[in-house]
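Using my numbering, the final residue of the sequence shown is 487, and nothing's skipped along the way.
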Amino acid sequence: MTDGPNLAEQLSTPSPRSAKRRMMFITLAGVLAIVGSLAGGYYFASRPVTLRIAVGPANSDDVKVVQALTQAFNQTHSHIRLRPLQTDGPTASGDLLADSKTDLAIIRGDLDVPKTAQAVATLRKNVAVLWVPAPVKVKGKKAAPKITKIAQLAGRRIGVVGRTPANVNLLKVILQQYGVDPSKVEIVQFPAPEAADAVRSQKADAYIAAGPLNSKITAEAIAASTHDGVTPTFLAIDSAEAIAQNHPAYEAAEIPAGAFGGSPDRPDDEIKTISFSHHIVARKDLSETTVAAFTRQLFAIRQSVMSEFPLAAKIETPDTDKDAAIPVHPGAAAFVDGEEKSFLDRYSDYIWWGLMLLSATGSAGAWFAGYLKKDERNNNSSLRERLLDMLAAARRSDSIEELDTMQAEADTILRDTLISFEHGAVEEGALTAFNIALEQFHNAVADRKALLISMPQNLQRAGAQFRATGTL
């Protein structure tokens, strides 16, 4: 039998069909991986995010507001959740933010603002209230000179509501504006809850409190300053605009008549003063998308929180001006300016690249499938050549066993050719040519078998021996 490709060796090696199946599985796996990545990205982008927020001191209005917001966010299953971190006060909260130990913090605008802090919202505005209690008449004792101006506070004792040093600094700023040396006055501090009792005990000649206009602590302290129907004297800060110019953390403000209630009104006329704000600030490296989502939720839920905690009504949008005392966070600015990005806006680039990768993977798979078909076509062409060689060998064969072996091999070649045709690797024209060769082979085998059967056995052996000797 003539030499040709060994069919057994061909069948022992991985067939092109197996490689094609593997490639199809690889392509499918790649597509599923890309789809899974996009789905996973959407899940991680939409899952709840918990932000730490530093606030203090304990039992303060700021803590109560944050607790109310935390509960509201949880009840509405909001995208952003809060985890309060209680501190000793705004200064400690700012320190945590500076050390990246919290994501958000409640700070006072008139204190040192961490360099990493950017404004998200104004929690509330506070006004400075400076007043002198109504004189208490004591028999046999001459009343002290009446204080009607800030400049007259020199040499007096001034009570400061609250233990924070920030309120003392506020008092010093006011005194210095009016030429009063802070070292020439005696400053006494007492806890905010004890303000009314301190006033009743006449622990100071004048008092200063800093808080929102509707502060219950301030209103009670002023009410305790009223004696025998005489209201306290409110000291106007007429130089409020000058103070604001020299200290950007402060703003000129006004206390409207009757702000602290009572009869007669307290105060009985509008009073000039200065104000400062408590801010919700975020780390500047906090995600713009996350801050925008928090800001949006904050103002969406503010209305419902107001019913339980009216102080939430004081929450305002941050100052977005470029010269603001505390620069606004880009995420909060995007919400305020109506430029917040949607999900598609934020992730359109990733989606586009994902689709491009998906398309490229499909194209690569199609190219590789075509490449495999090329190999399959080449393999089928070699099998056809093998069949032609077998045709020539069949016409010279002197062994019926050899003819049977070639017949079995031809059946295997036929099977592989038909499978290649189903895969599209063999065209109809090539299949027709193969069919002609196969028919000729079958005819040659049949003719040769008939001849060998008709010959005597001794002649068959002699012919085979002669050919074997001639080939050596």
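Idealized CB from N, CA, C, for every residue including glycine.
- The stretch 306 to 315 makes contact with the stretch 336 to 348; the number of CB pairs closer than 8 angstroms reaches 3 or more.
- Using a Cβ distance threshold of 9 angstroms, V147 and K161 count as a contacting pair.
- Bounds of any alpha helix (DSSP H) do not take in T241, whose DSSP letter is neither H nor E.
- As the crow flies, the alpha-carbon of P206 is around 32 angstroms from that of R96.
- At a cut-off of 3 residues, the continuous stretches assigned as beta strand (DSSP E) that sit fully inside the stretch 179 to 241 are 201 to 205 and 221 to 226.
- By the neighbour-count criterion, in which a residue is buried when 16 or more other Cβ atoms sit within 10 angstroms of its Cβ, H92 is exposed.
- In the structure shown, the three-state DSSP call for I165 is helix.
- Annotated three-state conformation of S319 is helix, per DSSP.
- In the displayed model, I252 falls within coil according to three-state DSSP, outside both helix and strand.
- Residue A134 holds the alpha-carbon nearest to the alpha-carbon of K337 among S278, A134, L190 and S412.
- Around the CB of Q312, 16 or more other CB atoms lie within 10 Å, so the residue is classed as buried.
- The residues R399, in chain order, have a CB closer than 8 angstroms to that of A448 in the same chain once the five nearest residues on each side in sequence are set aside.
- For K140 against K329, the beta-carbon gap comes to about 7 angstroms, under 8 angstroms, which counts as contact.
- Between the alpha carbons of L418 and A459 lies a distance of about 10 angstroms.
- Contact between the stretch 167 to 174 and the stretch 206 to 223 is present: 3 or more CB-CB pairs across the two stretches fall below 8 angstroms.
- Sequence-distant Cβ neighbours of I316 in its own chain, meaning closer than 6 angstroms and more than five residues away, are A87.
- The alpha helix (DSSP H) runs lying completely inside the stretch 73 to 156 and spanning 4 residues or more are 76 to 90 and 105 to 113, given in chain order.
- For Q167, the closest of G369, P197, T335 and A339 by C-alpha to C-alpha distance is P197.
- Take A268, set aside five residues on each side of it, and the residues of its chain with a beta-carbon closer than 8 angstroms to its own are K140, V142, A255, K287, T288, I289 and S290, in chain order.
- In the structure shown, H262 adopts coil according to DSSP, grouped into three states.
- When the beta-carbon positions are compared, I295 and L138 come within less than 9 angstroms of each other.
- By the criterion of a C-beta distance shorter than 8 angstroms, S319 is surrounded in its chain by A87, once the five residues flanking it on both sides are discounted.
- The three-state secondary structure of I468, taken from DSSP, is helix.
- In the DSSP annotation of this structure, the continuous segment of the beta strand (DSSP E) that includes G174 starts and ends at R172 to V176.
- Between the alpha carbons of A73 and V200 lies a gap of roughly 30 angstroms.
- Taking all protein chains shown into account, M470 has fewer than 16 neighbouring C-beta atoms within 10 Å of its C-beta and is therefore exposed.
- The continuous alpha helix (DSSP H) containing V351 extends over residues P345 to V351.
- When C-alpha distances from R62 are compared across M321, L43, V78 and H94, the shortest belongs to H94.
- Going by DSSP, R430 is part of the alpha helix (DSSP H) stretching over I415 to E437.
- Taking C-beta separations shorter than 7 angstroms and ignoring five residues to either side along the sequence, the partners of K464 in its chain run I415 and L418, following chain order.
- Taking the C-beta atoms as reference points, G71 is found nearer than 9 angstroms to A107.
- Between A327 and V80 the beta-carbon gap is near 6 angstroms, inside 8 angstroms, which marks them as a contact.
- For K329, no beta strand (DSSP E) run applies, since DSSP gives it neither H nor E.
- Taking C-beta atoms as the reference points, D127 and G109 count as a pair closer than 9 angstroms.
- Here R411 is exposed. Its C-beta has fewer than 16 other C-beta atoms within 10 Å.
- V195 and T241 have their C-alpha atoms roughly 26 angstroms apart.
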